[in-house]
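So the structure is just underneath, and the comments pick up after that.
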Amino acid sequence: MTAVPAPAGSFPAARRFGAVLPLLRGVLALAAVLAAVELIVIALGIRPYVLPRPSAVFEAILRTPAAYRDAIIRTGLETLYGFAAGALFGIGIGIAFSRLRFLRETVFPIFIVSQTIPVIAFGALVVMWFGNTILAKSVIVFYLTFFPVTVNTLLGMRAVDQKQVQLLKSFGASEGEILRKLRFPTALPHIFVALRISSALGLAGAVVGEWFGDTTGLGVLLLQGMYAENMVAIWASVFCSALLGVALFSAIGFAERRIVFWGGSDA
Amino acid sequence: MKRRSFLSTLGAVASAAMIGAPAMAEDLEKVSLRLKWLPQAQFVGFYMAKAKGYYADEGLDLTINPGGPNLLTENLVATGSDTFGLSGGTDSVFAAIEKGLPITCIGIAHQETPFVFVSKADGPVQELADFQDASITTWFTGANYVLYAMLAANGLDRSTMNIQPQQVSVTPFVDGQVDVVTATRYNEYYTLMTRVGEENLKRFVPEDFGVSFPRDTLIVGNDWAAEHPELVQGFVRASVKGWLDTFADKGAAIDLILKEAPTLDRAHQEFMLDEIEKIMMAGAAATDGLFAIDMDAVGKAHQIMVDYEVLEGPIDLGKAFDSQYVDAIPAAERLPK
Numbered sequence: 022m023t024a025v026p027a028p029a030g031s032f033p034a035a036r037r038f039g040a041v042l043p044l045l046r047g048v049l050a051l052a053a054v055l056a057a058v059e060l061i062v063i064a065l066g067i068r069p070y071v072l073p074r075p076s077a078v079f080e081a082i083l084r085t086p087a088a089y090r091d092a093i094i095r096t097g098l099e100t101l102y103g104f105a106a107g108a109l110f111g112i113g114i115g116i117a118f119s120r121l122r123f124l125r126e127t128v129f130p131i132f133i134v135s136q137t138i139p140v141i142a143f144g145a146l147v148v149m150w151f152g153n154t155i156l157a158k159s160v161i162v163f164y165l166t167f168f169p170v171t172v173n174t175l176l177g178m179r180a181v182d183q184k185q186v187q188l189l190k191s192f193g194a195s196e197g198e199i200l201r202k203l204r205f206p207t208a209l210p211h212i213f214v215a216l217r218i219s220s221a222l223g224l225a226g227a228v229v230g231e232w233f234g235d236t237t238g239l240g241v242l243l244l245q246g247m248y249a250e251n252m253v254a255i256w257a258s259v260f261c262s263a264l265l266g267v268a269l270f271s272a273i274g275f276a277e278r279r280i281v282f283w284g285g286s287d288a
Numbered sequence: 383m384k385r386r387s388f389l390s391t392l393g394a395v396a397s398a399a400m401i402g403a404p405a406m407a408e409d410l411e412k413v414s415l416r417l418k419w420l421p422q423a424q425f426v427g428f429y430m431a432k433a434k435g436y437y438a439d440e441g442l443d444l445t446i447n448p449g450g451p452n453l454l455t456e457n458l459v460a461t462g463s464d465t466f467g468l469s470g471g472t473d474s475v476f477a478a479i480e481k482g483l484p485i486t487c488i489g490i491a492h493q494e495t496p497f498v499f500v501s502k503a504d505g506p507v508q509e510l511a512d513f514q515d516a517s518i519t520t521w522f523t524g525a526n527y528v529l530y531a532m533l534a535a536n537g538l539d540r541s542t543m544n545i546q547p548q549q550v551s552v553t554p555f556v557d558g559q560v561d562v563v564t565a566t567r568y569n570e571y572y573t574l575m576t577r578v579g580e581e582n583l584k585r586f587v588p589e590d591f592g593v594s595f596p597r598d599t600l601i602v603g604n605d606w607a608a609e610h611p612e613l614v615q616g617f618v619r620a621s622v623k624g625w626l627d628t629f630a631d632k633g634a635a636i637d638l639i640l641k642e643a644p645t646l647d648r649a650h651q652e653f654m655l656d657e658i659e660k661i662m663m664a665g666a667a668a669t670d671g672l673f674a675i676d677m678d679a680v681g682k683a684h685q686i687m688v689d690y691e692v693l694e695g696p697i698d699l700g701k702a703f704d705s706q707y708v709d710a711i712p713a714a715e716r717l718p719k
């Protein structure tokens with residue numbers, strides 16, 4: 022695509038391989054760790070209810086693959102909806118806070134107070150208001166994700182070098198143009214940091230949200246496993262949650278590299 | 383396009399979650415039953431009644447909502463979020479009535495205490511008197527009062543005993559850090575059996591020591607019941623039929639619950655259903671049939687809660703428990719054939 026070919030990018034196949042390589046390395050590392058755990062468990066004779074063999078965990082997943090697949094999809098959707106809403110809201114309100122002092126001084130403290138309430142405390146309320154719907158879980162995810170994004174957006178918007186602002190002003194740029202071309206791009210690396218943090222928080226929120234009366238999802242499988250002290254089932258849902266979390270995190274990293282091409286936190 | 387598929391997915395999932403099953407005839411009354419926990423054999427009779435269309439026969443389009451930790455069934459029924467509930471037990475009904483929640487108990491599923499206290503057969507605790515010097519764990523959500531009452535009824539002073547709150551796992555007991563552990567007969571006891579072996583366990587059953595604590599109570603909101611007495615009646619009738627079918631064909635019942643929650647362990651669910659059958663058919667239910675409200679047993683449990691000042695004073699049991707709906711069904715129709 023570029024005029025100057027990079028060494029690895031000279032051939033499409035090589036370039037594609039270059040993109041897959043880190044993923045492959047990750048999978049190999051994970052496989053090595055799991056194999057090591059398997060050997061340690063067998064060698065030390067660790068009892069299955071302390072730590073089950075990874076192969077037993079995979080067997081459990083493969084015995085009812087549809088249940089785990091549905092759970093991943095359901096929890097993934099809950100997280101995605103809530104996270105998208107939380108991210109958009111957080112960015113929007115963060116920008117608004119940076120521009121409107123009045124709003125910042127009146128609404129921001131309420132946000133802070135809202136974050137001091139543990140999600141477990143209002144989980145029952147969410148069920149009363151939204152029922153057992155995917156919306157209820159997404160609301161919990163939203164609640165956990167919007168705040169870090171708001172704080173970091175505000176921080177990023179204010180991290181602008183005032184000399185650059187004055188320079189643009191001297192060229193006759195409007196406030197709107199300065200926002201679009203300077204402040205927002207400056208804030209983007211900060212925003213992506215918040216998005217990464219929020220993705221993990223949001224997933225945890227979705228899992229816990231499912232503890233308030235639901236029938237599908239990783240949180241439900243986890244709860245069922247805990248109730249029956251079925252360690253294999255617990256680890257199976259932990260593993261699926263980890264997969265989902267890594268996928269979300271990587272997707273955000275990928276978006277960041279594309280959007281903050283000049284180098285953000287990932288540089 | 384993206385937005386549309388997002389909305390349609392959201393809509394589809396939301397409606398699937400709310401309706402639960404394809405909508406049937408238009409004139410069915412939409413109602414819901416909130417369970418005390420996630421789907422498992424403990425509740426399969428309700429799923430059976432739904433699968434066989436017994437609720438629909440009574441004019442009800444019933445959705446079964448699972449419970450979870452921190453979800454109080456009484457609250458959800460009192461606020462109208464759910465129509466019916468299978469709530470914690472007589473203890474949670476007492477507490478709800480004391481708080482003034484507008485709910486009534488219309489049936490009791492577990493006729494006797496569903497949990498026991500367990501020690502090791504070769505351990506230091508061989509009889510109740512040995513609790514004195516043992517380390518004991520129990521749930522501080524009601525089970526502790528049953529234990530206190532058992533000890534008091536047998537002249538033992540609990541104030542000098544080492545009684546700690548029990549966490550989720552029974553592992554401390556298995557590993558010998560704890561001498562006496564609390565276990566529901568259908569869940570934790572199964573875990574203990576698989577880890578320690580039943581022959582190595584000793585059970586202390588509250589009923590053997592003169593204490594009983596009926597649990598798993600069917601509740602309904604007062605306003606709704608006043609407006610729809612015939613539907614409450616229908617709900618109870620359909621539930622009884624579902625449970626009798628469950629006990630008549632347990633294999634089919636286990637298949638049904640595993641379809642609902644596929645990751646559950648079949649052997650454990652089979653054991654659970656056997657125990658649930660014993661608990662549901664015990665006491666007054668043995669002669670009067672399923673969901674019998676034994677005011678004698680309720681009164682005793684109530685007295686424990688008053689004695690230990692969990693309740694500030696006695697509550698009006700006649701108002702809190704209403705057996706008209708179960709009584710309207712002849713005992714013969716509430717007993718297995």
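In order, the protein sequences belong to chains A and B.
Heads up, the first sequence stops at 288 in my numbering, and the numbers go up one at a time, no gaps.
Heads up, the second sequence stops at 719 in my numbering, and the numbers go up one at a time, no gaps.
Think of the CB as a built atom: it goes at the ideal place given N, C-alpha and C, for glycine as much as any other residue.
Since this is a predicted model, take the numbers as computed values, not measurements.
Can you check which of these residues, the options, is closest to residue i by C-alpha distance?
{"i": "K632 (chain B)", "options": "B:A649, B:I601 and B:V475", "result": "B:A649"}
{"i": "M662 (chain B)", "options": "B:D689, B:F629, B:I639 and B:G681", "result": "B:F629"}
{"i": "A635 (chain B)", "options": "B:T445, B:V618 and B:M654", "result": "B:M654"}
{"i": "V128 (chain A)", "options": "A:T137, A:Q136 and A:F118", "result": "A:F118"}
{"i": "D504 (chain B)", "options": "B:T472, B:Y571, B:N582 and B:L415", "result": "B:N582"}
{"i": "L146 (chain A)", "options": "A:G238, A:G230 and A:V241", "result": "A:G230"}
{"i": "I131 (chain A)", "options": "A:A64, A:I93, A:Y164 and A:R90", "result": "A:Y164"}
{"i": "K202 (chain A)", "options": "A:S219, A:L216, A:A215 and A:V181", "result": "A:V181"}
{"i": "I112 (chain A)", "options": "A:C261, A:A142, A:A157 and A:P206", "result": "A:P206"}
{"i": "Y527 (chain B)", "options": "B:S517, B:A516 and B:R540", "result": "B:R540"}
{"i": "G592 (chain B)", "options": "B:G616, B:N536, B:F522 and B:D647", "result": "B:N536"}
{"i": "L444 (chain B)", "options": "B:F428, B:V459 and B:L454", "result": "B:F428"}
{"i": "G579 (chain B)", "options": "B:G665, B:V602 and B:K502", "result": "B:K502"}
{"i": "P484 (chain B)", "options": "B:A438, B:V475 and B:N604", "result": "B:N604"}
{"i": "T166 (chain A)", "options": "A:F192, A:T100, A:I155 and A:R125", "result": "A:T100"}
{"i": "P547 (chain B)", "options": "B:Q493, B:H684 and B:L529", "result": "B:L529"}
{"i": "Q493 (chain B)", "options": "B:L410, B:G671 and B:G700", "result": "B:G671"}
{"i": "T237 (chain A)", "options": "A:D91, A:A77, A:V62 and A:M178", "result": "A:D91"}
Check residue i in the structure and name its three-state DSSP category.
{"i": "Q508 (chain B)", "result": "coil"}
{"i": "K641 (chain B)", "result": "helix"}
{"i": "F191 (chain A)", "result": "Looking at the sequence provided, one finds Ser at residue 191 (chain A) rather than Phe. Three-state DSSP puts S191 (chain A) in a helix."}
{"i": "T100 (chain A)", "result": "helix"}
{"i": "S463 (chain B)", "result": "coil"}
{"i": "N544 (chain B)", "result": "strand"}
{"i": "G470 (chain B)", "result": "strand"}
{"i": "V54 (chain A)", "result": "helix"}
{"i": "S258 (chain A)", "result": "helix"}
{"i": "I675 (chain B)", "result": "coil"}
Is there at least one Cβ from chain B nearer than 7 Å to residue i's Cβ?
{"i": "F233 (chain A)", "result": "yes"}
{"i": "T166 (chain A)", "result": "no"}
{"i": "I112 (chain A)", "result": "no"}
{"i": "T100 (chain A)", "result": "no"}
{"i": "T85 (chain A)", "result": "yes"}
{"i": "N153 (chain A)", "result": "yes"}
{"i": "G144 (chain A)", "result": "yes"}
{"i": "I63 (chain A)", "result": "no"}
{"i": "T236 (chain A)", "result": "yes"}
Can you give the beta carbon distance from residue i to residue j, rounded, assuming they're within the 8 Å contact cut?
{"i": "A679 (chain B)", "j": "S594 (chain B)", "result": "5 Å"}
{"i": "S463 (chain B)", "j": "V148 (chain A)", "result": "7 Å"}
{"i": "I711 (chain B)", "j": "V618 (chain B)", "result": "7 Å"}
{"i": "T431 (chain B)", "j": "K623 (chain B)", "result": "In the sequence on display, residue 431 (chain B) carries Ala and not Thr. Rounded, the Cβ-Cβ distance is 6 Å, consistent with contact."}
{"i": "L209 (chain A)", "j": "I280 (chain A)", "result": "7 Å"}
Does the beta carbon of residue i come closer than 7 Å to any beta carbon on chain A?
{"i": "T573 (chain B)", "result": "yes"}
{"i": "L420 (chain B)", "result": "yes"}
{"i": "V688 (chain B)", "result": "no"}
{"i": "V550 (chain B)", "result": "yes"}
{"i": "A403 (chain B)", "result": "Note on A403 (chain B): pLDDT 46, under 50, position unreliable in the model; no value is reported."}
{"i": "V500 (chain B)", "result": "no"}
Can you find a CB in chain C that lies within less than 7 Å of the CB of residue i?
{"i": "I141 (chain A)", "result": "The structure shown contains no chain C; its protein chains are A and B."}
Inset, instruction - Below 8 Å between beta carbons is the criterion; list the residues of the stretch 444 to 463 of chain B that meet it against any residue of chain A, in chain order. - result: N447, P448, G449, G450, P451, N452, L453, L454, N457, L458, T461 and S463
Legend entry - Interface positions of the stretch 239 to 252 of chain A facing chain B (Cβ-Cβ less than 8 Å), listed along the chain: V241, L242, L244, Q245, G246, M247, Y248, A249, E250 and N251
Legend entry - Contacting positions in the stretch 643 to 669 of chain B - beta carbon closer than 8 Å to chain A: A643, P644, T645, L646, D647 and H650
Inset, instruction - Using a Cβ-Cβ cut-off of less than 7 Å, list which residues of the stretch 550 to 571 of chain B approach chain A; keep chain order. - result: V550, S551, V552, T553 and N569
Inset, instruction - Pull out every residue of the stretch 619 to 642 of chain B whose Cβ sits closer than 8 Å to any Cβ of chain A, in chain order. - result: E642
Inset, instruction - Can you give me, in chain order, the residues of the stretch 251 to 281 of chain A that have a beta carbon less than 9 Å from any beta carbon in chain B? - result: Residues passing the 9 Å Cβ filter: N251, A254, A257 and S258.
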